[in-house]
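S.K.: Pasting a structure here, questions to come.
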Amino acid sequence: MNPMQQMLAQAQRMQRELKKANEELDKKEFTASKSGMVTVTMTGNNKVAKIDIDKDAIDPDNAEMLSETIALAINECLEQIAAERDAIEERITGKANLPF
Numbered sequence: 006m007n008p009m010q011q012m013l014a015q016a017q018r019m020q021r022e023l024k025k026a027n028e029e030l031d032k033k034e035f036t037a038s039k040s041g042m043v044t045v046t047m048t049g050n051n052k053v054a055k056i057d058i059d060k061d062a063i064d065p066d067n068a069e070m071l072s073e074t075i076a077l078a079i080n081e082c083l084e085q086i087a088a089e090r091d092a093i094e095e096r097i098t099g100k101a102n103l104p105f
């Protein structure tokens with residue numbers, strides 16, 4: 006096998022490994038809790054699976070704070086997912102934030 010074929014084979018292997026790892030990541034759950042009021046669970050494909058809101062946090066006068074707390078928890082989950090995706094890419098390819 007010539008060097009070009011070896012590089013192509015290695016790239017194809019990396020793509021298969023990345024695809025498999027990303028499929029596993031898509032099924033994994035990430036959870037973030039904020040202020041003991043809100044807990045958000047998301048899957049690795051950035052879908053919200055569950056939002057738990059403490060009953061004491063539901064106050065019409067504090068709707069804005071509750072909304073902000075939910076957003077913070079969702080953003081924390083998204084950061085966890087992105088970090089895990091970067092770690093997978095770096096482990097398989099040696100680099101994070103690849104364009105594919």
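In my numbering, the protein residues as written are 6 to 105.
Don't be surprised by glycine CBs; every beta carbon is placed ideally from N, CA and C.
Everything numeric in this text was worked out from a predicted model, so none of it was measured.
1. Suppose the cutoff is 6 angstroms on Cβ atoms and the five residues either side in sequence are ignored; what does the same chain contact list for residue 98 look like?
2. Is residue 93 closer than 9 angstroms to residue 23 when the C-beta atoms are compared?
3. Once you ignore the five residues that flank residue 82 on each side, which residues in its own chain have a CB closer than 6 angstroms to its CB?
4. By DSSP, does residue 97 sit in helix, in strand, or in coil?
5. Would you identify the three-state DSSP class for residue 57, choosing helix, strand or coil?
M.R.: Quick answer:
1. 19
2. yes
3. Result list for residue 82: 35, 37, 45, 47, in chain order.
4. helix
5. strand
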